[in-house]
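In this note's numbering, the protein residues as written are 63 to 551.
Take a look at the structure:
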């Protein structure tokens with residue numbers, strides 16, 4: 063047991079940068095030998111002046127601080143280590159400091175603790191005391207750093223949703239509904255951030271320490287979706303070589319996020335309704351009832367009320383799901399968010415790919431803001447990342463840089479600029495004034511027809527070129543009256 067603890071301390075200390083500040087050379091040598099024996103990288107300062115020079119400049123939040131731990135004497139010929147500790151404390155760095163002293167008093171120890179020093183050690187001290195204190199200090203600061211990183215990540219996720227009044231109102235609703243067990247239905251076009259919103263609901267709930275399990279109902283074959291949701295017994299069907307828990311059991315006590323819930327068959331909808339009504343499920347191939355406690359969040363880019371009216375979705379399930387609805391508006395309806403989102407995605411891309419990209423020019427940003435974004439936030443993120451990779455320095459042309467790439471979407475847009483389709487009856491301006499909605503629908507219908515011709519009638523390829531999901535393109539074609547067979551003849 064003792065050996066395991068020693069090895070653990072060594073693992074924590076190894077390769078860490080530690081500064082020793084003491085005017086007694088023999089103390090510095092002793093500490094150096096002890097900590098280098100644990101694999102640390104040691105730096106020394108013999109007085110306050112040298113210590114200040116060694117510590118150097120650092121940012122207010124400590125991001126520029128170069129040492130993982132500081133061992134500092136209180137009494138030195140040219141000053142007090144407590145004065146240096148005060149400066150470090152003002153910059154949120156005192157928790158990295160262990161004060162040491164052979165002439166200290168209870169008052170000194172109290173002051174050091176008040177200023178946030180991690181520990182206070184009196185001379186003479188043993189090797190084990192130093193090793194344990196340094197390891198605890200390093201581990202504490204690692205945990206704090208991880209916590210702050212997670213908090214920044216959480217903040218970043220909230221920030222990525224945007225700051226438009228509609229988004230602010232949605233986040234206000236999240237704060238109200240999350241602490242309850244009420245079911246939430248998230249609606250909105252593909253790419254608007256439904257999964258991010260589901261994570262926000264779970265994160266703000268009392269179940270946040272339990273699992274959040276996500277299932278994309280559209281990505282699982284209809285023959286397997288029941289097994290995925292409720293699990294199966296060994297031998298229940300061909301290929302069921304062992305008993306397997308479904309996502310309801312795996313999410314027990316936590317949250318289950320069913321994305322694209324509108325794609326479930328009526329048969330599976332009936333079994334889902336039972337699970338929501340009674341908290342009871344049956345694995346495929348078993349009659350045994352299992353009770354689960356799951357908070358359900360559903361998401362869809364379809365109009366479930368329209369599906370209910372058309373007999374494609376159970377009305378009783380719809381009302382079970384639709385306790386609280388959060389509708390995410392498309393990006394084109396909140397263009398004021400585009401600049402902040404684009405800059406945020408650019409910073410992410412620069413960090414992830416170590417890119418030498420500066421920022422967007424005013425012209426490039428205007429391009430982004432004026433674009434309609436059929437793929438919403440997902441498309442914006444994709445374009446920003448790809449543009450950042452292709453550019454160096456200032457980004458002059460955001461959209462054009464992407465469209466100059468040899469991609470089907472790029473080629474289609476370039477061809478469209480020179481095609482005579484627009485003038486040959488595919489889409490013409492009327493002498494009579496029309497509404498913006500009618501213009502938008504006519505232009506969209508014309509462009510979809512053009513892309514379908516380019517793809518040879520392949521809807522999957524057309525959806526990829528348009529940065530849309532295949533199911534959404536099918537619904538759009540139906541809504542606009544575009545028939546694939548007629549288009550490609």
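Note that CB positions come from ideal geometry on N, CA and C, so glycine has one too.
Straight-line gap, residue i to residue j (C-alpha atoms, nearest Å)
i           : j           : result
residue 383 : residue 521 : 31 Å
residue 236 : residue 262 : 7 Å
residue 138 : residue 260 : 56 Å
residue 110 : residue 188 : 25 Å
residue 381 : residue 523 : 36 Å
residue 271 : residue 331 : 28 Å
residue 117 : residue 143 : 13 Å
residue 431 : residue 417 : 23 Å
residue 542 : residue 533 : 14 Å
residue 373 : residue 349 : 29 Å
residue 47  : residue 429 : Not covered by the structure: residue 47. The range shown for the chain is 63 to 551.
residue 71  : residue 112 : 29 Å
residue 473 : residue 419 : Because residue 473 carries a pLDDT of 49, less than 50, the predicted location of this residue cannot be relied on, and the following value inherits that uncertainty. Roughly 25 Å separates the two Cα atoms.
residue 362 : residue 249 : 5 Å
residue 303 : residue 519 : 41 Å
residue 398 : residue 433 : 12 Å
residue 301 : residue 311 : 21 Å
residue 536 : residue 333 : 27 Å
residue 284 : residue 258 : 26 Å
residue 114 : residue 281 : 59 Å
residue 202 : residue 165 : 27 Å
Cutoff 8 Å; reference residue i; Cβ partners in own chain excluding five residues on either side
i           : result
residue 181 : 160, 161, 195, 198, 199
residue 308 : 289, 290, 291, 292, 293, 294, 343, 345
residue 386 : 235, 239, 244, 245, 246, 247
residue 75  : 97, 100, 101, 102, 193, 196, 197, 200
residue 339 : 382
residue 175 : 182
residue 148 : 177
residue 299 : 289, 346, 347
residue 266 : 236, 237, 240, 241
residue 510 : 524, 528, 535, 538, 539, 542, 544
Residue environment, residue i, which counts as buried when at least 16 other CB atoms sit within 10 Å
i           : result
residue 163 : buried
residue 512 : buried
residue 539 : buried
residue 12  : Only positions 63 to 551 of the chain appear in this structure, which leaves residue 12 out of reach.
residue 479 : Bear in mind that the predicted position of residue 479 carries a pLDDT of just 43, short of 50, making it unreliable; the figure below should be weighed with that in mind. With fewer than 16 Cβ atoms within 10 Å of its Cβ, residue 479 is classed as exposed.
residue 158 : buried
residue 86  : exposed
residue 400 : buried
residue 256 : buried
residue 359 : buried
residue 286 : exposed
residue 328 : exposed
residue 168 : exposed
residue 207 : exposed
residue 296 : exposed
residue 351 : exposed
residue 485 : Legend: pLDDT at residue 485 = 39, less than 50; position of this residue unreliable, no value from coordinates given.
residue 230 : exposed
residue 449 : buried
Same chain, Cβ closer than 6 Å to residue i, neighbours up to 5 away in sequence not counted
i           : result
residue 84  : 90, 135
residue 447 : 411
residue 95  : none
residue 276 : 319
residue 305 : 295, 296
residue 407 : 443, 446
Integer-rounded CB distance, given that residue j should sit under 8 Å from residue i
i           : j           : result
residue 253 : residue 438 : 3 Å
residue 403 : residue 232 : In fact, because the Cβ distance is near 15 Å, the residues do not count as touching under 8 Å.
residue 133 : residue 105 : Residue 133 to residue 105, Cβ: 10 Å. No contact.
residue 78  : residue 152 : Not quite, the Cβ-Cβ distance comes to about 24 Å (not below 8 Å), so this is no contact.
residue 273 : residue 337 : At roughly 17 Å, the Cβ-Cβ gap does not stay under 8 Å, so residue 273 and residue 337 are not in contact.
residue 423 : residue 457 : 6 Å
residue 37  : residue 357 : The structure shown does not extend to residue 37, since the chain is modelled only from 63 to 551, so the question has no answer here.
residue 224 : residue 396 : 6 Å
Same chain, Cβ closer than 7 Å to residue i, neighbours up to 5 away in sequence not counted
i           : result
residue 278 : 321, 322
residue 141 : 110
residue 264 : 270, 274, 317
residue 335 : 376, 378, 379, 382
residue 108 : 85
residue 251 : 363, 392, 438
residue 353 : 341, 342
residue 173 : 144
Heavy atom of the ligand ATP within 7 Å of residue i beta-carbon
i          : result
residue 81 : Ligands in the displayed structure: none, and consequently the ligand ATP is not present.
Q. Is the segment 362-374 touching the segment 308-325, taking contact as three or more C-beta pairs under 8 Å?
A. yes
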